[in-house]
Amino acid sequence: MTTTAVEASAGTTDRGARMYELIKELYPICRSITGRGVRDTLAILKRSIPLAIAEVPSGKAVFDWQVPDEWSIRDAYIKNSSGERIVDFKKCNLHVINYSRPVRRHMTLAELRPHLHSLPDNPDWIPYRTAYYRDTWGFCVTHRFLERLADDTYEVCVDSELKPGSLTFAELILPGQSPAEVVVYSHTCHPSLCNDNLSALAVATLLAESVARRPRRLTYRFIFGPTTIGSITWLALHESHVDRIRHGLILASLGDRGGLVYKRSRRGNAEVDRVIEYVITRSHGGRCVDFSPYGYDERQFCSPGFNLPVGRLTRTPNGQYPEYHTSADNLDFISPQALERSLQACEAICVALELNARFLNLSPKCEPRLGARGLYQNITGRNPSEFEHALLWVLNQSDGTQDLLQVAIKSGLDLTLIAQAAQALEEAGLLGRCSD
Amino acid sequence: MTTTAVEASAGTTDRGARMYELIKELYPICRSITGRGVRDTLAILKRSIPLAIAEVPSGKAVFDWQVPDEWSIRDAYIKNSSGERIVDFKKCNLHVINYSRPVRRHMTLAELRPHLHSLPDNPDWIPYRTAYYRDTWGFCVTHRFLERLADDTYEVCVDSELKPGSLTFAELILPGQSPAEVVVYSHTCHPSLCNDNLSALAVATLLAESVARRPRRLTYRFIFGPTTIGSITWLALHESHVDRIRHGLILASLGDRGGLVYKRSRRGNAEVDRVIEYVITRSHGGRCVDFSPYGYDERQFCSPGFNLPVGRLTRTPNGQYPEYHTSADNLDFISPQALERSLQACEAICVALELNARFLNLSPKCEPRLGARGLYQNITGRNPSEFEHALLWVLNQSDGTQDLLQVAIKSGLDLTLIAQAAQALEEAGLLGRCSD
Amino acid sequence: MTTTAVEASAGTTDRGARMYELIKELYPICRSITGRGVRDTLAILKRSIPLAIAEVPSGKAVFDWQVPDEWSIRDAYIKNSSGERIVDFKKCNLHVINYSRPVRRHMTLAELRPHLHSLPDNPDWIPYRTAYYRDTWGFCVTHRFLERLADDTYEVCVDSELKPGSLTFAELILPGQSPAEVVVYSHTCHPSLCNDNLSALAVATLLAESVARRPRRLTYRFIFGPTTIGSITWLALHESHVDRIRHGLILASLGDRGGLVYKRSRRGNAEVDRVIEYVITRSHGGRCVDFSPYGYDERQFCSPGFNLPVGRLTRTPNGQYPEYHTSADNLDFISPQALERSLQACEAICVALELNARFLNLSPKCEPRLGARGLYQNITGRNPSEFEHALLWVLNQSDGTQDLLQVAIKSGLDLTLIAQAAQALEEAGLLGRCSD
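Protein chains in written order, with the numbering used here: chain A, 46 to 481; chain B, 46 to 481; chain C, 46 to 481.
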């Protein structure tokens with residue numbers, strides 16, 4: 046776990062480049078909360094990791110919601126009276142409001158105008174808009190285009206369909222020694238937007254590969270699904286299972302140039318919150334913010350009826366960069382380096398979650414003889430080594446109420462060293478591990 | 046609740062002028078902890094609000110105390126050998142130590158001297174002194190007068206009487222939907238002193254008028270009584286009732302030029318403490334100080350056997366301005382503007398106490414559909430509005446353990462907006478109000 | 046308890062000089078964790094205080110340890126081929142590793158070299174090293190000596206013996222009104238080292254004299270024993286007794302020029318921690334640090350199976366000065382003034398522990414009549430005196446949950462004044478003392 050070296054490496058790495066290429070391949074696909082785009086996306090991820098795909102039928106009641114009808118779109122355009130496609134879904138899928146209902150009509154500019162959305166402050170960018178639960182349609186265009194639009198008769202076509210089908214999500218479960226679970230959720234529903242959220246799909250995929258290669262105490266569950274309705278559906282299907290979730294992490298927006306930001310769970314001081322704060326602020330230049338109920342799928346995991354220990358890792362958070370939810374969130378907005386650093390941070394988090402545990406000193410009255418067990422210097426009188434300090438700290442604090450991270454912070458010693466000391470003491474029969 | 050505008054209005058308002066006139070009328074009356082002065086004062090307040098007057102007979106045991114005999118005074122003076130009234134109660138009732146026992150004697154300066162009290166540091170002011178529970182008498186004079194007093198034979202007269210009677214207090218109860226009570230206590234026992242405490246009598250009277258005009262969730266009980274023995278008597282008579290006291294506020298010294306100071310209850314973090322801190326520090330330029338057992342009637346409400354959530358609102362606290370308990374606490378020391386601002390702060394506090402409540406999210410697992418209930422934007426993808434943020438915050442935090450003020454502080458959104466969101470969610474059937 | 050005067054007195058006092066002379070007498074003795082050096086040391090202390098000596102036989106099981114065999118040493122030296130004693134135990138007992146096993150051999154420099162220990166960074170000092178539980182021997186020398194050592198045949202002699210005997214400790218119990226105990230532990234095992242720990246032996250001895258002279262509420266138990274194995278042995282023998290330990294203090298290194306440092310107990314906020322922080326930071330220029338499991342016998346008292354309220358008072362802590370555990374910790378390194386100030390701080394701590402208590406207001410509903418009991422000014426209206434404030438604070442806060450120190454800190458009044466107020470109220474029947 047040599048995380049400090051990470052920040053130094055600024056060049057493109059193999060893994061950074063591989064994630065960037067994966068995003069390039071996924072970028073053109075028109076994803077939504079249901080439909081073929083999601084399935085095509087998951088099929089591409091499945092080349093790297095053995096995802097299990099689940100389909101949940103439209104109409105299924107999930108808490109206060111229903112799984113919606115499935116949306117598919119073949120084409121969409123606006124033609125002027127000369128028959129030119131002046132807005133063309135095939136050039137950029139952001140042009141159509143996601144879940145637009147079908148329409149095929151001629152209309153005046155005045156009639157068309159309420160269906161056009163733009164960004165006056167960023168006149169060259171196309172906004173990303175959705176209308177999942179409204180019987181409506183619309184187009185998103187650059188503001189510069191909108192301003193130049195002449196009084197004409199336009200042919201408007203959205204060749205879409207909304208009918209019963211299913212909502213698709215994918216899972217990969219990597220069993221560990223313990224059934225206690227780490228959930229990693231990444232949303233799959235955004236169309237041609239790179240940072241939000243192809244970046245996280247790529248990072249989660251390579252993180253799953255990396256976790257799969259290592260021995261694990263904890264069980265890992267990677268979930269890929271649409272935002273909001275996806276996590277609501279998953280939670281509804283797994284309501285009796287959620288007690289197993291020991292830690293959870295929403296991954297999103299991990300490719301931009303900003304520093305890492307961890308948003309704490311609603312609990313605010315869950316183990317996952319403490320571990321991630323320790324890892325990203327010490328070694329990855331990150332910072333932490335308190336929970337708020339606006340964001341991604343942490344909203345559902347942290348709703349008061351669940352209140353699960355689930356936080357969120359991003360670089361620049363949603364809504365805090367102008368390119369957010371616009372066509373400017375493109376391949377230029379993200380970098381292989383940022384993706385690589387995000388992956389390294391996620392790996393370091395998993396390592397720290399694995400290391401952290403509570404122990405019980407089995408010889409709790411006075412210190413046990415460490416020298417007799419080969420754990421202490423032969424000739425005494427000098428200051429102890431760092432490792433000897435770590436042994437003393439772990440023995441002294443292991444009353445079953447504190448985890449190793451708390452001992453690391455109190456002692457000022459590194460978590461890795463503290464964990465090595467705990468392991469040595471466990472092997473010497475002086476320490477017993479508390480159950481997960 | 047546009048409280049920010051308050052600070053801007055520096056001119057005399059109608060209500061400020063009305064309170065000032067009321068104080069002018071009350072100023073000459075010689076009040077004490079019992080007797081006619083209090084009754085006359087309450088009769089004047091009763092013109093504005095329908096006070097119920099209670100008389101508690103002398104000798105009644107109230108905890109460690111007894112209701113004292115009633116004191117009345119007709120006249121008091123010191124005459125020199127030329128027969129001139131050189132000290133005259135009729136000119137200023139502060140001249141006589143309150144509760145002075147009757148005396149009529151000729152005496153030398155040496156005999157008289159121990160009975161004269163002055164303020165060497167403020168030689169032109171007459172101190173206010175009391176001797177409720179001592180069989181003694183005395184006069185208060187300016188230090189300049191005292192220094193010039195010649196060796197002479199003086200005729201000393203205190204034409205007072207101390208005999209069984211009663212202690213008088215007044216109440217106004219304004220019932221709300223809930224029996225949970227807000228107690229507002231103002232002491233009535235100080236003679237010709239304006240800030241301490243005619244200012245609070247005036248503010249409490251107009252506050253009662255204003256509360257009476259508005260719909261109320263909470264029940265309000267305004268109490269006007271003498272300090273110390275008054276609240277001790279009230280608590281002794283209402284011992285079985287105190288569980289209903291949800292919030293309490295002692296009002297005193299609300300007319301001087303100093304900023305508002307809220308003194309927290311002994312609990313330190315009661316709802317009333319948090320609400321008043323929020324209101325006065327955000328919008329009324331006030332500040333808060335911790336509880337201490339020196340002051341006014343909060344001493345009794347916050348004695349350890351009661352420990353009620355009762356704080357105190359003043360401008361400059363007792364003992365922290367030189368005019369305190371002297372003849373300089375006169376009509377020049379207070380202003381209609383300060384009175385008006387104090388009243389506005391009190392009103393804002395009551396509004397906030399009314400707004401604040403705990404709620405339970407009735408759809409606590411995942412977020413409920415807000416769009417389907419007309420509470421969320423149709424086309425999504427943009428950042429939510431402030432009101433939408435407020436809805437999310439209230440839903441997420443409403444687990445029955447936190448009140449709206451805590452949600453407001455956590456979210457950084459205004460309490461009024463948070464309360465509006467709670468109301469909208471309650472009307473939509475998504476939120477249930479916890480009982481008071 | 047006029048502790049503020051202490052800091053001003055910089056000259057040598059009688060008590061400072063007496064402690065310094067005691068240390069001078071003890072300095073040459075070769076102490077260890079067992080053996081004659083300890084017995085001789087305790088015999089000298091016994092001239093001042095009536096210590097009870099205990100001998101615990103070798104081999105006795107004490108938790109994870111056994112009482113070791115007793116070590117005695119008559120002589121030790123290294124002679125060169127000319128027969129000169131170039132290293133001589135009789136000149137400095139630090140020359141021999143404490144608990145060195147007997148050896149008598151001729152050997153080359155190459156054979157001898159691994160048995161020689163020095164301090165390259167402080168080439169003129171002899172280190173202090175121990176090997177209590179290893180079958181080994183060795184010499185400690187200055188680095189300058191080591192570097193000059195020629196290739197020669199050396200005669201090496203350690204004329205020591207290790208055989209069953211006993212471990213010696215001493216106790217002085219000073220009974221108080223209450224069986225609740227203050228334990229004061231000082232370690233006796235270090236040979237010719239002045240600060241660590243002859244300084245604490247001297248301070249503890251004079252502290253015991255001083256405590257013995259004063260009336261006591263608490264019982265005091267002064268323990269003099271070897272470090273680590275000594276406190277382990279004491280705790281093993283007194284396991285059923287430790288519930289009586291209300292406060293504990295390890296004394297060590299109290300003669301150097303550094304300021305006082307109190308190391309908190311593992312609990313961190315025990316009464317002893319709060320009291321000592323109050324005393325030494327307010328009046329003795331001291332500071333506090335959090336518990337850590339490296340140090341002296343607090344390690345055993347604060348092991349998780351005991352977790353007793355035992356802190357540690359030193360001047361510069363162990364390992365934080367270069368002279369630590371070297372021949373430079375000699376009579377020049379300590380001063381009578383520092384010893385005297387350490388003693389005064391210890392006395393002030395005991396006084397504060399005696400004063401501190403929890404009380405119950407026996408008249409808890411509203412304030413009781415203080416004037417009627419002669420505890421309040423006759424003529425009221427003025428600000429109360431400090432003592433009157435103290436009375437109000439003690440009455441208001443005495444709900445049985447807070448001790449006088451907490452009232453002192455909250456009120457900003459001195460603990461002594463608060464304790465005087467509590468005593469006056471107790472005498473007036475208004476306050477009841479909570480049991481220890």
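Cβ atoms here follow ideal geometry from the backbone N, Cα and C, with glycine treated the same way. Keep in mind the model is a prediction, meaning the values are calculated, not measured.
- Taking each of B:His329, B:Thr326, B:Pro362 in turn and checking the Cα distance to Tyr341 (chain B), the smallest one comes out for B:Pro362.
- Of the candidates C:His434, C:Thr461, C:Ser430, C:Gly313, the residue whose Cα lies closest to the Cα of Ile394 (chain C) is C:Thr461.
- The stretch 269-283 of chain B and the stretch 231-249 of chain B touch, with three or more beta-carbon pairs separated by less than 8 Å.
- Secondary structure at Asp448 (chain C): strand, using DSSP grouped into helix, strand and coil.
- Within the stretch 120-180 of chain A, the runs of alpha helix (DSSP H) at least 4 residues long that lie entirely inside it are, in chain order, 154-157.
- DSSP, read as helix, strand or coil, puts Gln111 (chain B) in strand.
- Val324 (chain C) carries a helical assignment under DSSP once its states are collapsed to helix, strand and coil.
- Straight through space, the alpha carbons of Tyr178 (chain C) and Val324 (chain C) are spaced by roughly 40 Å.
- His370: these are the residues of the stretch 367-400 of chain C whose beta carbon lies less than 7 Å from some beta carbon of chain A, given in chain order.
- Taking C-beta atoms under 8 Å as the contact rule, Asn125 (chain B) and Ile131 (chain B) qualify, at a distance of about 5 Å.
- For Ile463 (chain C), no CB of chain B lies under 7 Å from its own CB, so it is not counted at the interface with that chain.
- If you ignore the 5 residues before and after Leu384 (chain C), its C-beta comes within less than 7 Å of the C-beta of Gly61, Met64, Tyr65, Ser244, Ala247, Val248, Leu299, Gly300, all in its own chain and listed in chain order.
- The three-state reading of DSSP puts Glu412 (chain A) in coil, since its state is none of H, G, I, E or B.
- If you keep only unbroken alpha helix (DSSP H) runs of at least 4 residues inside the stretch 312-386 of chain A, you get 316-328, 343-346.
- The residues His292, Pro354, Gly356, in chain order, have a CB closer than 6 Å to that of Val317 (chain A) in the same chain once the five nearest residues on each side in sequence are set aside.
- Neighbours of His434 (chain C) across chain B, judged by C-beta separation under 7 Å: Tyr339.
- In the structure shown, Tyr421 (chain C) falls within a coil segment according to DSSP collapsed to helix, strand and coil.
- Put simply, the CB of Leu243 (chain C) is far from chain A, with every gap to its CB atoms at 7 Å or more.
- Note that the stretch 365-378 of chain C does not touch the stretch 70-79 of chain B; fewer than 3 beta-carbon pairs, one per stretch, sit closer than 8 Å.
- What Ala176 (chain B) touches in chain C, judged by beta-carbon distance under 8 Å, is Asn423, Ile424, Thr425, going in chain order.
- Look at Arg414 (chain B): its C-beta is under 7 Å from a C-beta on chain A.
- Judged by pairs of C-beta atoms under 8 Å, the stretch 167-177 of chain A does not touch the stretch 200-209 of chain A, as fewer than three such pairs exist.
- At a C-beta separation below 9 Å, Leu212 (chain C) has no neighbours in chain A, since its nearest C-beta there lies roughly 14 Å away.
- DSSP places Asp204 (chain C) within a strand segment (E or B) once states are collapsed to three.
- One alpha carbon belongs to Ala473 (chain C), the other to Ala466 (chain C), and they sit about 11 Å apart.
- Within the model, the alpha-carbon separation for Ser163 (chain C) versus Arg174 (chain C) is close to 10 Å.
- Around the Cβ of Gln345 (chain A), a 10 Å sphere holds 16 or more other Cβ atoms; the residue is buried.
- The beta carbon of Arg403 (chain A) sits closer than 7 Å to those of Gly445, Gln447, Asp448, Cys479, all from its chain and outside the five residues before and after it, given in chain order.
- From the beta-carbon of Asn441 (chain C), the residues of chain B found nearer than 9 Å are Arg311, Phe336, Ser337, Pro338, Arg344, Cys347, Ser348, Pro349.
- With a cut-off of 8 Å on Cβ pairs, the stretch 102-117 of chain B is in contact with the stretch 397-411 of chain C, counting three or more such pairs.
- In terms of beta-carbon proximity, Cys479 (chain C) stays away from the interface with chain B, with every pair separated by 7 Å or more.
- A residue is called buried when at least 16 other Cβ atoms come within 10 angstroms of its Cβ; Lys308 (chain B) meets this threshold and is buried.
- When beta bridges are read from the DSSP output, Leu405 (chain A) appears opposite A:Asp444, A:Gly477.
- Cβ neighbours of Asp335 (chain C) within its own chain (closer than 7 Å, five residues either side excluded): Arg309, Gly313.
- Neighbourhood of Asn406 (chain A) in chain C, by CB distance below 7 Å: Pro349, in chain order.
- For the alpha helix (DSSP H) assignment, the uninterrupted runs of no fewer than 4 residues enclosed by the stretch 206-291 of chain C are, from N- to C-terminal side, 245-258, 274-282.
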